[in-house]
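Engineer: My questions all concern the structure below.
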DNA sequence: CGGATCGTACGATAGGCATCGTAGTACGGT
DNA sequence: ACCGTACTACGATGCCTATCGTACGATCCG
């Protein structure tokens, strides 16, 4: 078999179960410009990205903080692969819980960016 | 003519123009449980409500605070009518800026309430 | 005018949080 | 074993905010 995925690596990360994801938490997570940007990039690439692949206007520590908030609110799924930490949107979970919401949010963010040239 | 609306009363309130409404601000406003509840009630009634018609688990001062956050983020429109302060959702502005978002959010909130019996 | 109702302003408080820097851990490669 | 890379943990800092209580302003009714 073509082992494309390099083994999830021992250390695990706590994620909320699908039923534990709260709308308020998701909205709070996405109300920060940096985090909204992360989610938009993640949605655009449609593939798992490492933390360091994002070009964010904050330091590494702050980046770690933002990714944790996104994970703990249930927006993204994080897994280690070697020293890298892969990040992926929890699309199916979110779509199941809040139908259409993620799409609307991404569209809204895109519209706003077009209007204001802010990304 | 049937003057149903009792004159807007002198004191005016500052509202952001439609173009000034920011997605992040809206999300932040709605990420508070009390404010999300206000917006849901407002959407359910589909008519302007006074501040005191809401049964909220906070004091009057805090209620004032939450309504102000909602107004300043562009989610609601507030006008005085006598001593009462009328509150209405800025549906058309929001739908114009962020198509479908308000509906998705309300649906999502409703779904979550059904799941968890939290309202 | 006097009183009642509705909402505001202001100050205080406590907790949350975005940010940073530094020091450290985990892993892979040489 | 050693080094480099990727990310984390921890502590500090300063700001934001949700909450309250009390005192006040605005409006209406009698």
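Chains as they are written, first to last, in our numbering: chain D, 1 to 119; chain Z, 1 to 119. All C-beta atoms in this analysis are idealised placements derived from N, C-alpha and C, irrespective of residue type, glycine included.
Tell me which residues of the stretch 26-58 of chain Z have at least one Cβ-Cβ distance to chain D shorter than 9 angstroms, keeping chain order.
Structural biologist: Taking 9 angstroms as the Cβ-Cβ cut-off against chain D, the residues of the stretch 26-58 of chain Z that qualify are 26, 27, 28, 29, 30, 31, 32, 33 and 36.
Engineer: For residue 48 (chain D), count neighbouring C-beta atoms within 10 Å of its own C-beta (all shown protein chains included) and say buried if the count is 16 or more, exposed if not.
Structural biologist: The residue in question, residue 48 (chain D), is buried, as its Cβ has 16 or more Cβ neighbours within 10 Å.
Engineer: Within 10 angstroms of its Cβ, does residue 71 (chain D) collect 16 or more other Cβ (buried), or is it exposed?
Structural biologist: Its Cβ being crowded by 16 or more others within 10 Å, residue 71 (chain D) is buried.
Engineer: Is residue 108 (chain D) helix, strand or coil when you go by DSSP?
Structural biologist: Helix, per DSSP.
Engineer: Tell me, please, whether the stretch 103-110 of chain D touches the stretch 50-63 of chain D by the rule of three or more beta-carbon pairs shorter than 8 angstroms.
Structural biologist: No, the stretch 103-110 of chain D does not touch the stretch 50-63 of chain D.
Engineer: Determine whether the beta carbon atoms of residue 105 (chain D) and residue 31 (chain Z) lie at a separation below 7 angstroms.
Structural biologist: Not a contact, by the Cβ cut-off of 7 angstroms.
Engineer: Step through the CB atoms of chain D and report whether any lies within less than 7 angstroms of the CB of residue 67 (chain Z).
Structural biologist: Chain D contact via Cβ: absent.
Engineer: Let me see if you follow: with CB-CB separation under 7 angstroms, is residue 78 (chain Z) close to chain D or not?
Structural biologist: No, because no Cβ of chain D sits closer than 7 angstroms to the Cβ of residue 78 (chain Z).
Engineer: I'd like to know if residue 89 (chain Z) contacts chain D, where contact means its C-beta is closer than 7 angstroms to some C-beta of that chain.
Structural biologist: Answer no: the Cβ-Cβ gap between residue 89 (chain Z) and chain D never drops below 7 angstroms.
Engineer: Please name the residue, chosen from D:91, D:79, D:57 and D:97, that lies closest to residue 35 (chain D) on a Cα-to-Cα basis.
Structural biologist: Nearest of D:91, D:79, D:57 and D:97 to residue 35 (chain D), Cα basis: D:57.
Engineer: Going by DSSP, what residues sit across from residue 78 (chain D) in a beta bridge?
Structural biologist: DSSP, once it has assigned bridges, lists D:87 as partnering residue 78 (chain D).
Engineer: Tell me the rounded alpha-carbon separation between residue 18 (chain Z) and residue 73 (chain Z).
Structural biologist: The alpha-carbon atoms of residue 18 (chain Z) and residue 73 (chain Z) are separated by roughly 10 angstroms.
Engineer: Should residue 48 (chain Z) be counted as a contact of the ligand COA given a C-beta to heavy atom distance under 6 angstroms?
Structural biologist: For the ligand COA, the structure offers nothing, since it holds no ligand at all.
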